[in-house]
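Student:
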Amino acid sequence: MAFPSAPSALWIVSLLTALFAAAVHSNIVNDEDPLQPMTSDETVSVGGMVTLTCRVAETDNSSLQWSNTAQQTLYFGEKRALRDNRIQLHRSTPTELSINISDVQLSDEGEYTCSIFTMPVRTARATVTVLGVPGTPQISGFETPVPEGEKVTLTCTSTGSKPPAKLRWYKGDIEVQGRPDVVESVPDDPTYNVSSELTLEVTANDDDTKISCVVDHDSVKHGEKKTEQSLRVLYAPDVAITPEERMAIEGQKFSLQCSGKGNPEPTIYSWEKAEGELPPLAKADGAFLSFSVLNKSDNGMYICHADNGIGKGRGSYTLQVQDTTAMSTSSGVDHAVIGGVVAVIVFILLCLLIVLGRYLIRHKGTYLTHEAKGSDDAPDADTAIINAEGGHSGAEEKKEYFI
Ligand SMILES: *[C@@H]1O[C@H](CO)[C@@H](O)[C@H](O)[C@H]1NC(C)=O
Ligand SMILES: *[C@@H]1O[C@H](CO)[C@@H](O)[C@H](O)[C@H]1NC(C)=O
Ligand SMILES: *[C@@H]1O[C@H](CO)[C@@H](O)[C@H](O)[C@H]1NC(C)=O
Ligand SMILES: *[C@@H]1O[C@H](CO)[C@@H](O)[C@H](O)[C@H]1NC(C)=O
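Just so we're aligned: the sequence shown equals residues -26 to -1, 1 to 377 in mature numbering (1 follows the signal peptide of the UniProt record, and there is no 0).
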């Protein structure tokens, strides 16, 4: 009766040992245990490469091992265990085992396990998340041009993303709001097809405007996958009339050109005069109205109609024929210019004359001064006499003077 406590004490000890072993087995990283392997979770895109690294702080030279999601051993130390060329050894040291998995597939996703064969075995798990890369978006709805004022609905679709991608619409450079993305999935396929609709009411100004659909996803850089297409809008022509000649002068020829900016380009043009019939000498030929000889009676407002099948546009031009006197009046401007130029030239000539005159007067004055100086050369009568005597001294003096 003294012994029953002994077996129960043993039992408690073994229970504690089991609990301790369980604690070591669990995934809780024990900072106190330098033999506990450490790993990190990784995210990789389909087709990419991921490196799984397992490290221990210290080692008792026990082997490290990586196994896959199906518990198959991939590497045991530096020994390859599974025949899969996508999986390569990156580094094997007593404290580290790193492997590379290239050309990652969606099926590679899951939990990988690193183990170290100490007593007991210690393990750590690493979750690999594989991103499905969205396909380049496709836009539909551009098939036919849209008449202005009507609504067009465009649909953008991108396949194969995981998690579902986000689609964005841009009109020119400005983001516009489409309807919320529709996410489709099918059984046995972990990826999603995403689509978004954009409805626009188009105006003539929207013709040739770029609409783009951009895929936003962690596996692609923003703007890397996008599709751009131009809107085509049908709109009635906007008509303008321009004269071919600079001036409408009586008796000369003259013509007007009608241009209609529309989509499509207008093909049918017609001309009329607001005050009645077109003059007999005016010839309408498509977009042109030509006058072989202008006459004052041609004055008035001319109207051009352009039709492109979508609608009609109308423009007007008021013709004011100028007669020959009007022409000289208008060229009076030129006369004024010529007059101005002549005036300037005359002014310059006058100025030159004045300057020349003053110069001549001054020159004469200088000449007179020289004459006066000449008489002053001899300071007194004696010197004048010595100078007059000539002689050696005189020559010397002259020489000195020149030096
Ligand atoms: C591990 O192995 C290396 C060389 O093989 C040896 O130098 C080292 O002492 C060993 N360490 C332990 C803890 O056994
Ligand atoms: C493994 O991946 C690393 C980058 O993570 C790279 O530097 C190394 O060259 C790769 N090794 C092999 C064998 O592919
Ligand atoms: C996505 O679209 C492709 C092609 O249209 C189709 O084959 C695939 O089954 C679709 N997948 C999903 C998840 O809807
Ligand atoms: C203009 O027309 C009138 C009659 O319509 C004619 O008498 C006149 O000679 C014309 N003038 C010119 C410059 O052709």
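Even for Gly, the Cβ is constructed at its ideal location relative to N, Cα and C.
What do you reckon, is the C-beta of K165 under 7 Å from a heavy atom of ligand 3?
Tutor: The sequence position of residue 165 within the sequence shown is 191, counting from 1. At residue 165 the sequence reads Thr, which differs from the Lys that was named. Yes, the Cβ of T165 comes within 7 Å of a heavy atom of ligand 3.
Student: Please indicate yes or no: does the CB of N42 lie closer than 7 Å to some heavy atom of ligand 1?
Tutor: Here residue 42 is taken as the residue at index 68 of the sequence shown, counted from 1. Checking every heavy atom of ligand 1 against the Cβ of N42, none is found closer than 7 Å.
Student: Give the single residue among S159, T241, V168 and P161 whose Cα lies nearest to the Cα of R153.
Tutor: Sequence index remark: in the sequence shown, residue 153 carries index 179 (1-based). Here the closest residue by C-alpha is V168.
Student: Can the beta-carbon of G236 be found less than 8 Å from the beta-carbon of Y276?
Tutor: Locating residue 236 in the sequence shown gives position 262, counting from the first residue. Locating residue 276 in the sequence shown gives position 302, counting from the first residue. Note that the C-beta distance between G236 and Y276 is not below 8 Å.
Student: I223 bridges to which residues according to DSSP?
Tutor: For the purposes of this step, residue 223 is taken as residue 249 along the sequence shown, with counting starting at 1. BP columns for I223 point to Q296.
Student: For L268, count neighbouring C-beta atoms within 10 Å of its own C-beta (all shown protein chains included) and say buried if the count is 16 or more, exposed if not.
Tutor: Within the sequence shown, numbered from 1, the residue matching residue 268 stands at position 294. Buried is the call here.
Student: What would DSSP say about V24, mapped onto helix, strand or coil?
Tutor: Counting from 1 along the sequence shown, the entry for residue 24 is found at position 50. In the structure shown, V24 sits in a strand (DSSP, three-state: E or B).
Student: Would you decide whether A139 is buried or exposed? Buried here means 16 or more other CB atoms lie within 10 Å of its CB.
Tutor: Within the sequence shown, numbered from 1, the residue matching residue 139 stands at position 165. Buried, because 16 or more other Cβ atoms sit within 10 Å of the Cβ of A139.
Student: Just the Cα atoms here: how many angstroms apart are K347 and R336?
Tutor: The residue you call residue 347 lines up with position 373 of the sequence shown. The residue you call residue 336 lines up with position 362 of the sequence shown. Here the model assigns K347 a pLDDT of 42, short of 50, so the residue's position is not dependable and the matter cannot be decided.
Student: Mind checking whether A100 and E16 have CB atoms under 8 Å apart?
Tutor: One-based indexing of the sequence shown puts residue 100 at position 126. One-based indexing of the sequence shown puts residue 16 at position 42. Yes, Cβ-Cβ distance for A100 and E16 is below 8 Å.
Student: Do you know how far the Cα of S204 is from the Cα of T118?
Tutor: Within the sequence shown, residue 118 is the residue found at index 144, counting from 1. Within the sequence shown, residue 204 is the residue found at index 230, counting from 1. Approximately 12 Å between the Cα atoms of the pair.
Student: Classify T110: buried if its beta carbon has 16 or more other beta carbons within 10 angstroms, exposed otherwise.
Tutor: Locating residue 110 in the sequence shown gives position 136, counting from the first residue. Answer is exposed; the Cβ neighbour count stays below 16.
Student: At the level of alpha carbons, what is the spacing between M12 and Y49?
Tutor: Position 38 of the sequence shown holds residue 12. Position 75 of the sequence shown holds residue 49. Cα-Cα distance, rounded: 16 Å.
Student: Which residue wins for smallest C-alpha separation from T43, given the options G21, Q62, V102 and V20?
Tutor: Working through the sequence shown from its first residue, we reach residue 43 at position 69. Comparing Cα-Cα distances from T43 to each of G21, Q62, V102 and V20, the minimum goes to V102.
Student: Does the beta-carbon of E345 have 16 or more other beta-carbons within 10 angstroms, so that it is buried, or is it exposed?
Tutor: The residue you call residue 345 lines up with position 371 of the sequence shown. For E345, the predicted structure reports a pLDDT of 42, less than 50, and the residue's modelled location is therefore unreliable. The matter cannot be settled from this model.
Student: Are the CB atoms of V104 and L80 nearer to each other than 8 Å?
Tutor: Sequence index remark: in the sequence shown, residue 104 carries index 130 (1-based). Sequence index remark: in the sequence shown, residue 80 carries index 106 (1-based). In contact: V104 and L80 (Cβ atoms closer than 8 Å).
Student: Would you mind reading off the limits of the beta strand (DSSP E) that contains A210?
Tutor: Indexing the sequence shown from 1 puts residue 210 at position 236. Where A210 is concerned, the enclosing beta strand (DSSP E) stretches over V207 to P217.
Student: Looking at the secondary structure, which residues open and close the beta strand (DSSP E) in which I73 lies?
Tutor: Position 99 of the sequence shown, counted from the first residue, corresponds to residue 73. Segment E70 to I75, the beta strand (DSSP E) holding I73.
Student: Which residue comes first and which comes last in the beta strand (DSSP E) that contains H279?
Tutor: Start at 1 with the first residue of the sequence shown, and residue 279 comes out as number 305. It spans G274 to D281 - the beta strand (DSSP E) in which H279 sits, taken as one unbroken run.
Student: Could you tell me if the beta carbon of T131 falls within a distance shorter than 7 Å of some heavy atom in ligand 2?
Tutor: Stepping through the sequence shown from its first residue, residue 131 is reached at position 157. No, the Cβ of T131 stays beyond 7 Å of every heavy atom of ligand 2.
Student: In whole angstroms, give me the CA-to-CA distance for T173 and D147.
Tutor: Working through the sequence shown from its first residue, we reach residue 173 at position 199. Working through the sequence shown from its first residue, we reach residue 147 at position 173. In a straight line, the C-alpha of T173 is about 17 Å away from that of D147.
Student: So for V156, helix, strand or coil by DSSP?
Tutor: One-based indexing of the sequence shown puts residue 156 at position 182. If DSSP states are grouped into helix, strand and coil, V156 belongs with the strands.
Student: Would you say the beta carbon of S271 comes nearer than 7 Å to a heavy atom of ligand 4?
Tutor: Numbered from 1 along the sequence shown, position 297 holds the residue referred to as residue 271. Relative to ligand 4, the beta carbon of S271 is positioned inside 7 Å of a heavy atom.
Student: Using CA coordinates, which residue listed in G289, E175, R220 and Y166 is at the minimum distance from P211?
Tutor: As a first step, residue 211 must be located in the sequence shown, where it is residue number 237. When only C-alpha atoms are compared, the closest one is G289.
Student: The beta strand (DSSP E) with L80 in it runs from where to where?
Tutor: Numbered from its first residue, the sequence shown carries residue 80 at position 106. Segment: none, L80 is in no beta strand (DSSP E) and carries neither H nor E.
Student: By Cβ distance below 6 Å, which residues in the same chain neighbour S244 in space, the five residues on each side in sequence not counted?
Tutor: The residue given as residue 244 occupies position 270 in the sequence shown. Correct list, in chain order: H279.
Student: Taking C232 and A261 to be in contact with their CB atoms under 8 Å, please state how far apart those CB atoms are, rounded to whole angstroms.
Tutor: Taking the sequence shown and counting its residues from 1, one reaches residue 232 at position 258. Taking the sequence shown and counting its residues from 1, one reaches residue 261 at position 287. Right, their Cβ atoms sit about 5 Å apart.
Student: What are the residues that DSSP puts in a beta bridge with R336?
Tutor: Reading the sequence shown from its first residue, position 362 is the one you call residue 336. Per DSSP, none; premise fails for R336.
Student: Which whole-angstrom value is the C-beta distance of T127 and E175, which I expect to be below 8 Å?
Tutor: Taking the sequence shown and counting its residues from 1, the one referred to as residue 127 is at position 153. Taking the sequence shown and counting its residues from 1, the one referred to as residue 175 is at position 201. So it is not a contact: roughly 11 Å between Cβ atoms.
Student: Closer than 7 Å to a non-hydrogen atom of ligand 1 - does that hold for the CB of P11?
Tutor: Taking the sequence shown and counting its residues from 1, the one referred to as residue 11 is at position 37. Not so, every heavy atom of ligand 1 lies at least 7 Å from the Cβ.
Student: Run the proximity test for P8: is its beta-carbon closer than 7 Å to any non-hydrogen atom belonging to ligand 1?
Tutor: Translated into positions along the sequence shown, residue 8 becomes position 34. For ligand 1, not one heavy atom lies less than 7 Å from the Cβ of P8.
Student: Count the CB pairs spanning the segment 289 to 298 and the segment 211 to 221 that are closer than 8 Å, and state whether there are at least three.
Tutor: yes
Student: Tell me which residues share the same chain as R206 and place their Cβ nearer than 6 Å to its Cβ, disregarding the 5 neighbours each side in the sequence.
Tutor: Against the sequence shown, residue 206 aligns to sequence position 232. Excluding sequence neighbours, R206 sits near P119.
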